[in-house]
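S.K.: Residue numbers (our numbering): 67 to 229.
For glycine and all other residues, C-beta sits at the position ideal for the given N, C-alpha and C.
These numbers come from a predicted model, not from an experiment.
1. Just the C-alpha distance for residue 126 and residue 108, rounded to the nearest angstrom, thanks.
2. Output yes or no for whether 9 Å exceeds the beta carbon distance between residue 224 and residue 196.
3. For a test of the three-state rule: what should DSSP assign to residue 91, helix, strand or coil?
4. State the DSSP-derived secondary structure class of residue 68, mapped to helix, strand or coil.
5. Measuring only the C-alpha atoms, how far is residue 175 from residue 188?
6. Since residue 193 and residue 228 should fall inside the 8 Å C-beta cutoff, what is the C-beta to C-beta distance between them, to a whole number of angstroms?
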């Protein structure tokens, strides 16, 4: 045997002994156990990632529903505020119309009262002027005693007709 084949033989024997010792010490089991532990760890991490993803999807769905609910609530609030503003505007318009109608009626009453007072004053002035004219005419035509009696009778007649 030459030196290279002898070295190859001893390398092969050493390798076989090393593998026998490795099998005896259960290195393949340790390696398999380590690989199984690593696979379990990766599987657990994948399971945790899937669970977290599902949880995130649920939270996203909840937040989307809450956002839609909040948008709907905001739309409802805006609609209610618009209805209330329209109602207040209509009420203010009606109150303004009522106020104008009351003021117009009050002004018409005051005008009517002023017209009645003016007519009453004109009548009273007319009566006073007529009485004075009659007295002057009668005084010129009738003597003092007869004029006073006639004046009193005429005055009573005019007063009774006016009232």
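M.R.: Here's the rundown:
1. Here residue 126 refers to the residue found at position 60 when the chain shown is read from its first residue. Here residue 108 refers to the residue found at position 42 when the chain shown is read from its first residue. In a straight line, the C-alpha of residue 126 is about 26 Å away from that of residue 108.
2. Counted from its first residue, the chain shown places residue 224 at position 158. Counted from its first residue, the chain shown places residue 196 at position 130. Yes, these two residues count as a Cβ contact at 9 Å.
3. For the purposes of this step, residue 91 is identified with residue 25 of the chain shown, where counting begins at 1. Reduced to three states, the DSSP call for residue 91 is coil.
4. Counting from 1 along the chain shown, the entry for residue 68 is found at position 2. In the structure shown, residue 68 sits in coil (DSSP, three-state: anything other than H, G, I, E or B).
5. Counting from one through the chain shown, the residue named residue 175 turns up at place 109. Counting from one through the chain shown, the residue named residue 188 turns up at place 122. Going from the Cα of residue 175 to the Cα of residue 188 covers about 20 Å.
6. By one-based count along the chain shown, residue 193 stands at place 127. By one-based count along the chain shown, residue 228 stands at place 162. The Cβ separation is near 6 Å, so the contact holds.
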